[in-house]
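Colleague: Pasting a structure here, questions to come.
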Amino acid sequence: MAPLTNSFVRFLVTALAFTSFFTGLSAHRHLLQSTPPALTVPPLPKTTMPPLPSLPTPAQQTLPPPQPTLPQPTGLPPMPSTQIPSLPNPVQPTIPNIPQVNFPIPSNIPFNFPFNIPFFTPPPSK
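First residue of the sequence shown? That's 1 in the UniProt record's numbering, and the numbers climb one at a time after it.
What follows is the structure, given as structure tokens:
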């Protein structure tokens, strides 16, 4: 049943591809044969606006009496001349010396590596 479904889908895709291809060709042929339309725009009729009704002018509003002005603030009084005390210079604490310990380092380090490392050599045959 699966091969039948697969072939049906293939047939359907092929038929749709050819149909769209031939539709495109016929549309192109139709566009080539037809004459281009005339580019004329009919004139639009002139519209007239009715006259606007006259609106009554509003009465002039009377302004309220002016408010009394507030006194302007004067500048800030001068700052008193006080001396800012200087900060004392910080003193660095003394760090004690770390005692050095001399370890005996051997001049020749023995390198006794085995030539056959287990797990890297095949097991011995019996």
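C-beta: ideal position from N, C-alpha, C; glycine also.
Bear in mind the structure is a predicted one, so any value in this text is a computation, not a measurement.
When you compare only the Cα positions, how much space is there between residue 27 and residue 53?
Modeller: Answer to the nearest angstrom: the Cα atoms are 58 Å apart.
Colleague: Determine the DSSP secondary structure at residue 41, reduced to helix, strand or coil.
Modeller: Coil.
Colleague: Please classify residue 47: does DSSP put it in a helix, a strand, or coil?
Modeller: Reduced to three states, the DSSP call for residue 47 is coil.
Colleague: With DSSP collapsed to three states, give me the class of residue 103.
Modeller: It is coil, neither helix nor strand.
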